[in-house]
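Read the structure below first, then the notes.
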Amino acid sequence: MTEELIIAGFGGQGVLSMGKILAYSGIMQDQEVSWMPSYGPEMRGGTANVTVIVSDERISSPILTIFDTAIILNQQSMDKFEKSVRPGGTLIYDPNGITRHPERTDINIYQIEGARLASEMGNTKIFNMVVLGAYLKVNPIVKLENVIKGLKNSLPARYHKLIPLNEDAINTGMKNVVDMHILN
Amino acid sequence: MGELKLMKGNEALAEAAIRAGADAYFGYPITPQSEVIEYLMAEKPHERTGMVVLQAESEVAAINMIYGAAGAGKKVMTSSSSPGISLKQEGLSYIAGAELPCVYANVVRGGPGLGTIQPSQADYFQSTKGGGHGDYRQIVLAPASVQEMADFVKLGFELAFKYRLPVLILSDGVIGQMMEKVELFDQVPRLTDKEIEEKYPWATTGRKKGTERRVITSLALQAHEMEAHNLKLQAKYKTIRENEVRYEAINCDDAEYILVAYGSSARIAQKTVQMARQKGLKVGLFRLITLYPFPSVDMQELCKQGVKGFLAVEMSSGQMVEDVMLAVKGCAKVAHFGRFGGVVHTPEEVLNALEQKIIGG
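Sequence order for the protein chains is R and S.
Taking the numbering used here, the leading residue of the first sequence gets -9, the next gets one more, and so forth.
Taking the numbering used here, the leading residue of the second sequence gets 112, the next gets one more, and so forth.
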């Protein structure tokens, strides 16, 4: 199993930390992982994306142009990465702020209203965990228990009280992911 | 099994310096390697092992602190990125001339000049041909993973003290900035002053009554003395060339075409090999681990085995490719491919170049 994934959105949406949690969860179940952020002069308010690879084998290139899955969280990223999903692959997006919805018919498309659900839960910071939940429902590459284990191992003890909230957010994402276009 | 962590290459390098038993790190921040000093400052290694971490007033100051501390037999490290490494060249030449051990890392960014902060491999000539003045060489290790960023610090110190020369860990913005799983080696204890005095008869640890005066210098005004010193250095470099070559041959056994690459380009090229194999092309990857010494002899062996062409893949306009040409001595076709100035090539671009420049060309 090798999953090559891009998560793309605005800086500050938790794109990079979502990737990090996923990578950490992979380590918890003895998989190989890589996490490669786009880094450059564009930072605050600009676009941010990260390539995450989780695999049973040694990982080759951490830099890719074609992905198994794209998680897209703003319009700029939709414009840039809709075309980068391999045929038969998966696109998950939050419709918040999206003016042009994905049009491809050769990939699986799912929607998650992460921004709305997180604000209904009373904490917009858990937006990325709602989206992560949606992704793990569609593609359960890591087990939920390993995500929690990863959070425990990567977060300083003073943040451990937030783990149940994060778990709720993941579960909310899992329950609310919507099929938009599914291949036969 | 050591401790498993998810770390950036730069962080792994910093953590490895503490664990390798380094006595000091002197540095100055620059993107894309600032996490090295950031991590060291946050980690407070003086509380863990007694290691000193100091932000110098400049790169020039940092390398001269290295020169001084190395002269006292201490295990010392610095790091920077391309423009900062250029500033360190005078000090490095002195360290090589005075035959002192040190480890330093260059997390390469696009140049020339102030360039860009994006990844590049355009410092190959500077790294392997002697970036400072004079007839000296240094061992150059090229990590291709976060794991190797950690492991090569330990290996680098071993080699630096074995041969008494600077060892360069040459990575780039990709390896420095990406996170991977890393298994950290156990803490190596720092040497005590007494151990240093006993172990390193050259170290200037303070003259005691009845002992010989120890002098560290790169200066010998008499030309014949300097020539003799140079001959000694050259003999050392020959020993290194004969004993310290390191590389990894991936899918090379039946290969007709070979991609030659190091560092992040080797990772990208490995994907190209997978893609080429799926198309039925017999392609292998010759990944350089030491850039100096260069694995020339082993590359010639590939020619004898029937390899028809080599594509040197590097994020530069063509530097390592010259060493590949010298190594294979015309026995097979050699071409270069690489994006540069901070642009990273994709596995697809490498495959296209292979098909056009080597297989079809």
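All C-beta atoms, glycine included, are put in the ideal place defined by N, C-alpha and C.
Fair warning: this is a prediction, and the values are worked out from it, not measured in the lab.
| request: Since I believe VAL40(R) is in contact with VAL132(R) (beta carbons under 8 Å), could you give me their beta-carbon distance rounded to a whole number of angstroms? | output: The Cβ separation is near 16 Å, so there is no contact.
| task | Using three-state DSSP, classify VAL454(S) as helix, strand or coil. | result | coil
| Leaving out the 5 sequence neighbours to the left and right, which residues in its chain are closer than 8 Å to ARG388(S) when beta-carbon positions are compared? | ASN362, VAL394
| field | chain S contacts from the stretch 138 to 152 of chain R (Cβ-Cβ distance under 8 Å) | value | SER144
| task | Just the chain R side, please: which residues come within less than 9 Å of VAL482(S) by C-beta, in chain order? | result | Absent from the model: residue 482(S). The displayed extent of chain S is 112 to 472, so no value can be given.
| query | Could you check where the alpha helix (DSSP H) with ASP134(S) kicks off and where it finishes? | reply | It is not in any alpha helix (DSSP H) - ASP134(S) carries neither H nor E in the DSSP assignment.
| request: Could you say if the stretch 250 to 260 of chain S and the stretch 312 to 332 of chain S meet the contact criterion of at least three C-beta pairs nearer than 8 Å? | output: no
| message | Once the 5 residues before and after GLY66(S) are set aside, which same chain residues still bring their CB inside 7 Å of it? | response | Shown here, chain S extends from 112 to 472; a query on residue 66(S) therefore has no answer.
| query | Between MET119(R), GLN65(R), ARG48(R), LYS73(R), which lies nearest to ASP58(R) when the distance is taken from Cα to Cα? | reply | LYS73(R)
| Thinking just about the alpha-carbon of each residue, which of MET290(S), GLY195(S), PHE137(S), VAL299(S) is nearest to the one in ARG130(S)? | VAL299(S)
| said: Taking contact to mean 3 or more Cβ pairs, one atom from each stretch, closer than 8 Å, check whether the stretch 257 to 265 of chain S and the stretch 142 to 149 of chain R are in contact. | reply: no
| query | Within 10 angstroms of its Cβ, does SER169(S) collect 16 or more other Cβ (buried), or is it exposed? | reply | exposed
| request: Going by DSSP, name the residue or residues bridged to MET290(S). | output: TRP25(R), LYS119(S)
| message | Which residues in chain R have a C-beta closer than 7 Å to the C-beta of ARG130(S)? List them in chain order. | response | The contacting residues do not exist; ARG130(S) stays about 19 Å from chain R at best.
| query | Counting contacts by CB-CB distance shorter than 8 Å, is LEU117(S) in contact with chain R? | reply | yes
| message | At the 8 Å Cβ level, is ILE379(S) part of the contact set with chain R, yes or no? | response | yes
| With C-beta atoms as the reference, is MET118(S) less than 8 Å away from VAL218(S)? | no
| For the ligand NAD, any of its heavy atoms closer than 7 Å to the Cβ of PRO27(R)? | In the structure on display, the ligand NAD does not appear, and there are no ligands present to speak of.
| Any C-beta of chain R under 8 Å from that of VAL455(S) | yes
| task | Using three-state DSSP, classify CYS363(S) as helix, strand or coil. | result | coil
| query | The beta strand (DSSP E) with GLU353(S) in it runs from where to where? | reply | That residue, GLU353(S), is in no beta strand (DSSP E); its alpha helix (DSSP H) goes 334 to 354.
| task | Have a look at THR162(R), THR37(R), ASP69(R) and flag the residue whose alpha-carbon is nearest the alpha-carbon of GLY104(R). | result | THR162(R)
| How about PRO143(S): is its C-beta nearer than 8 Å to some C-beta of chain R? | yes
| query | In this structure, what does DSSP give as the bridge partners for LYS444(S)? | reply | GLY420(S)
| field | Whole-angstrom C-beta distance between ALA380(S) and LEU370(S), which should lie under 8 Å | value | 4 Å
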